[in-house]
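What the sequence shown shows, in my numbering, is residues 2 to 376, in sequence order.
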Amino acid sequence: MKFELQKQDDKSYARAGKITTKHGEILTPVYMPVGTQAAVKALTPKQVKEDTNAQIMLSNTYHLFLRPGHELVRDMGGLHSFMNWDRPILTDSGGFQVFSLAQLRKITEEGVMFRSHIDGSKQFISPEKSIEIQNALGADIIMAFDECTASPSSYETSLAAAERTYRWAQRCVEAHKNTENQTLFGIIQGNMYPDLRLKCAEQIKSIGFEGYAIGGLSVGESKETMYEMLDVLAPELPVNNPRYLMGVGSPDAIIEGVARGIDMFDCVLATRIARNGTAFTKYGRMVVRNATYARDPRPIEEGCDCYACRNFSRAYIRHLIKADEMLAAILLSIHNTRFLTRLTEEIREAVLNGTFDEYRRKFWENYKISSNGLF
């Protein structure tokens with residue numbers, strides 16, 4: 002992998018860059034749709050590529066380890082071949098999913114013993130096992146195995162997890178065998194404690210990764226607290242390496258994350274709220290299932306270039322929702338995913354043109370986080 006910093010905003014930490022992998026280029030900032038089980042929910046790979054213009058997709062190590070198994074994916078030619086996706090792929094380490102199984106896991110220095118959410122069977126993932134799985138899956142970018150903590154967590158708990166994350170990161174580097182084809186990113190932990198974040202950042206940087214991810218945010222804390230942690234880290238992260246904010250991808254968090262130097266985002270929110278009848282728009286979230294749209298001939302968002310907005314009305318999509326037609330989830334997933342990929346495209350252009358500050362201001366003039374979904 003190669004990263005080229007193309008432009009740095011002079012009023013913030015916003016950046017525009019280019020990541021080059023064996024499966025293509027990624028222009029940053031970038032939103033990565035989540036294909037947890039080697040599929041973005043409700044969308045075909047062709048739709049993800051052609052209708053949303055996603056440059057890179059994320060898949061999940063934990064889920065693919067349990068089903069169908071990383072050996073099977075390897076034997077089928079790796080994730081790119083298995084899911085018929087010819088653009089870059091990033092796999093997470095499984096650390097966050099194991100963290101979410103709080104009642105079903107036990108963490109030791111060696112790794113994590115847990116019970117499968119599928120069949121209750123005992124399973125074990127160590128740093129070495131996580132890398133083995135990801136090497137078999139064959140993603141272009143893979144992640145070090147880390148220990149994520151909930152918010153709030155005590156200082157002692159957060160310190161222990163951050164230090165273990167550092168030790169596990171060292172073991173991941175030693176275990177990583179496919180260095181020519183796969184790039185390994187390190188992950189910074191530290192919960193909501195600035196000194197722990199800075200200490201972990203220094204430790205992870207000392208290992209010398211090609212990219213740096215910020216984990217353990219969007220785990221229950223407020224957006225303001227998340228931004229405070231990014232403010233702490235922004236001046237400390239290496240300038241010539243990509244920066245990835247894990248599991249964060251709402252429109253407001255993307256624009257504020259970019260302002261704090263983040264290059265890469267991912268989140269399941271786009272397709273999750275689509276399945277619940279809700280759409281992203283520049284004015285906030287629109288609850289399309291609401292009765293007010295029953296006879297509305299307009300597209301979800303005027304001027305949107307996605308397939309759903311170019312071809313269908315709010316009234317039609319609401320009808321599909323009320324009729325329980327799966328096409329509703331498909332169209333809203335296309336729209337929401339395209340909304341986020343287009344948002345990052347526009348942010349990139351603003352950074353390159355030196356107008357990011359103005360773009361950010363106009364975004365907030367329109368966007369209503371607490372919208373009731375009616376407009």
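Ideal placement from N, C-alpha and C gives every residue a C-beta, glycine not left out.
DSSP on residue i, reduced to helix/strand/coil?
i                 : result
phenylalanine 210 : coil
methionine 33     : strand
isoleucine 143    : strand
methionine 193    : coil
lysine 200        : helix
arginine 362      : helix
isoleucine 27     : strand
leucine 160       : helix
methionine 84     : helix
Could you check where the alpha helix (DSSP H) with residue i kicks off and where it finishes?
i              : result
serine 448     : Examination of residue 448 is not possible in this model, given that the chain is present from 2 through 376 alone.
tyrosine 228   : 224–234
isoleucine 331 : 327–354
lysine 276     : Per the sequence presented here, residue 276 reads as arginine, with lysine not at that position. Where arginine 276 is concerned, the enclosing alpha helix (DSSP H) stretches over 270–276.
glutamate 257  : 252–260
histidine 71   : 71–76
valine 220     : Here valine 220 belongs to no alpha helix (DSSP H), and DSSP marks it neither H nor E.
Could you tell me the alpha carbon to alpha carbon distance between residue i and residue j, rounded to whole angstroms?
i              : j                : result
alanine 316    : leucine 328      : 14 Å
isoleucine 134 : phenylalanine 66 : 7 Å
glutamate 157  : glutamate 51     : 48 Å
aspartate 120  : asparagine 179   : 31 Å
valine 74      : threonine 92     : 13 Å
valine 269     : leucine 185      : 22 Å
arginine 299   : arginine 361     : 26 Å
arginine 290   : lysine 19        : 39 Å
serine 60      : cysteine 310     : 27 Å
proline 34     : serine 251       : 12 Å
arginine 276   : serine 207       : 43 Å
lysine 23      : glutamate 111    : 33 Å
leucine 238    : methionine 247   : 15 Å
By Cβ distance below 6 Å, which residues in the same chain neighbour residue i in space, the five residues on each side in sequence not counted?
i             : result
alanine 176   : Glu129 and Ile132
glutamate 148 : Ala162, Arg165 and Thr166
alanine 271   : Asn337, Thr338 and Leu341
glutamine 124 : Phe115 and Ser117
Sorted by chain position, which residues of the same chain lie with C-beta nearer than 7 Å to residue i's C-beta, five sequence neighbours on each side aside?
i              : result
arginine 198   : Ile189, Gly191, Met230, Val233 and Leu234
isoleucine 256 : Ile348, Arg361 and Phe364
leucine 102    : Phe115 and His118
alanine 260    : Ser13, Tyr14, Ala15 and Arg361
Go to residue i, then tell me how far its beta strand (DSSP E) extends in each direction, as first and last residue.
i            : result
leucine 91   : 90–92
arginine 16  : 16–22
valine 288   : 285–288
glutamate 65 : The sequence shown places leucine at residue 65, not glutamate. From DSSP, leucine 65 is part of no beta strand (DSSP E) but of the alpha helix (DSSP H) over 62–67.
lysine 107   : 106–108
Could you please give me the residues that DSSP links to residue i through a beta bridge?
i                 : result
alanine 170       : None, per the DSSP bridge assignment.
tyrosine 245      : Ala214 and Met265
phenylalanine 125 : Met114
glutamate 5       : Lys19
phenylalanine 281 : Arg286
isoleucine 188    : Ala214
Kindly list the residues whose CB is nearer than 8 Å to the CB of residue i, restricted to its own chain and excluding five residues on each side of it in sequence; keep chain order.
i             : result
threonine 150 : Phe100, Thr158, Ser159, Ala162, Gln190, Asn192, Gly217 and Val220
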